Amino acid sequence: MSFKFDIESVINGLSEFEVKSKAAIGVYADTAGKKLEEHAKKNASWTDRTGLSRKTIEGGKQWEGDKCNVYVAGNTEHFPYLESAMDKQYSILNPTVNKLGAEILSGMNNLLGK
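When you number the sequence shown by this note's numbering, it's gap-free, plus one each residue, and the end is 143.
Written out as structure tokens, the structure is:
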């Protein structure tokens, strides 16, 4: 009894799967980051003076090697004060991640078939 197996086609298939998986993860992660951004902008409890703090909230994804990070960030000089001063009553980034994080992770698990 003989068994023949073409390992090259398996390797090519795995390589193609990796590329497609990475693309799908990237699209999902970017969408999740934009969802975090939208929520943070909409639900920030402070009163805008210049509008810059709300306008510069940014969400997205960033690849570090094979690791994909989803983020939401405030991009003004005084954003750290909004997040941590006055008993965090104006904090929006961490509460946004806490509120939507489980939903985003669940969606990623569904994407990966886990």
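For every residue, glycine included, the Cβ atom is placed at its ideal position computed from N, Cα and C. Since the structure is predicted, the reported quantities are computational estimates derived from the model, not experimental observations.
Are residue i and residue j close, meaning C-beta to C-beta below 9 Å?
{"i": "G88", "j": "A73", "result": "no"}
{"i": "G136", "j": "A61", "result": "yes"}
{"i": "S120", "j": "E112", "result": "yes"}
{"i": "T76", "j": "N104", "result": "no"}
Consult DSSP for residue i and reduce its assignment to one of helix, strand or coil.
{"i": "K64", "result": "helix"}
{"i": "N104", "result": "coil"}
{"i": "K33", "result": "coil"}
{"i": "G94", "result": "coil"}
{"i": "G89", "result": "strand"}
Could you give the first and the last residue of the continuous alpha helix (DSSP H) run that contains residue i?
{"i": "K84", "result": "81–84"}
{"i": "M137", "result": "122–141"}
At the 9 Å Cβ level, is residue i part of the contact set with chain C, yes or no?
{"i": "G62", "result": "No chain C appears in the structure shown, which is made up of a single protein chain."}
Excluding sequence positions up to five away, which residues of its chain have a Cβ less than 7 Å from the Cβ of residue i?
{"i": "F108", "result": "S82"}
{"i": "L129", "result": "K64, L65, H68"}
Once the 5 residues before and after residue i are set aside, which same chain residues still bring their CB inside 8 Å of it?
{"i": "Q118", "result": "S74"}
Please work out which residues of its chain come closer than 6 Å, Cβ to Cβ, to residue i, disregarding the five sequence neighbours upstream and downstream, and give them in chain order.
{"i": "I36", "result": "none"}
{"i": "Q91", "result": "N98"}
If you measure from the CB of residue i, is any heavy atom of the ligand FAD nearer than 8 Å?
{"i": "R83", "result": "Because no ligand of any kind appears in the structure shown, any question about the ligand FAD cannot be addressed here."}
Below 8 Å, how does it come out for the segment 122–141 and the segment 58–78: are there three or more Cβ pairs, yes or no? yes
Taking contact to mean at least 3 C-beta pairs separated by less than 8 Å, is the segment 77–97 in contact with the segment 52–62? yes
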